[in-house]
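As structure tokens, the structure follows; a few thoughts come after it.
In my numbering, the protein residues as written are 1226 to 1397.
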């Protein structure tokens, strides 16, 4: 069994080019290349002037998306960002408040998914100790070949802090 690899890098500013370099170096060292349908899941549940620090920053996402494009394999069909706002407001409002539409325009060639507007598909489960026989998820999640989780680390009343597992709530 391979030991897990943990990569920590210092990046004191939200500089998209520095983030691009750091992420690309990490992908290189892990021998990873985005392929097929590549989906990036940020945390953009709350944004805008009332929530300036509650979402994955667009500068960070810009660096990640540029690094993924740099490392993309020849069979990469799409690189996309997908989210579902979990607090009963449309994802479009959260994306807008976070500046994601402008960021995606700057990067170019990136598709945006609003999971609350996508078809939900059933994914069967086969493990003998499964708790259920299937679950439903947005179609872009079910068909993703390469998945990148970009959570926002923040405080939360139920879990003290949020990390990568809580960000997965937005794909259900």
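The beta-carbon is built from N, C-alpha and C at its ideal position, and this holds for glycine as well.
Because the structure is a prediction, the values reported are computed rather than measured.
The alpha helix (DSSP H) that contains residue 1244, what's its start and end?
Segment 1241–1254, the alpha helix (DSSP H) holding residue 1244.
Residue from 1367, 1313 and 1376 with nearest C-alpha to residue 1263:
Ranked by Cα distance from residue 1263, the options 1367, 1313 and 1376 are led by 1367.
So, with DSSP's three-state summary, where would you put residue 1392?
helix
On the DSSP bridge list, what partners appear for residue 1267?
1375
CB of residue 1283 within 8 Å of CB of residue 1351, strictly:
no
Nearest by alpha-carbon distance to residue 1323: which of 1291, 1266 and 1279 is it?
1279
Going along the chain, which residues of its own chain have a beta-carbon closer than 6 Å to the beta-carbon of residue 1232, five neighbours each way excluded?
Within the same chain, residue 1232 has close Cβ partners 1251.
Taking 6 Å as the limit between beta carbons, can you name the residues of its chain near residue 1401, skipping five residues before and five after?
What the structure shows of the chain is the stretch from 1226 to 1397, and residue 1401 is not part of that stretch, so it cannot be assessed.
Below 8 Å CB to CB, which residues in the same chain sit around residue 1331 once its five sequence neighbours on both sides are set aside?
1287
Whose CA, out of 1357, 1230 and 1258, lies closest to the CA of residue 1301?
Among 1357, 1230 and 1258, the Cα nearest to that of residue 1301 is on 1258.
Please identify the residue among 1306, 1234 and 1327 whose C-alpha is closest to the C-alpha of residue 1254.
1234
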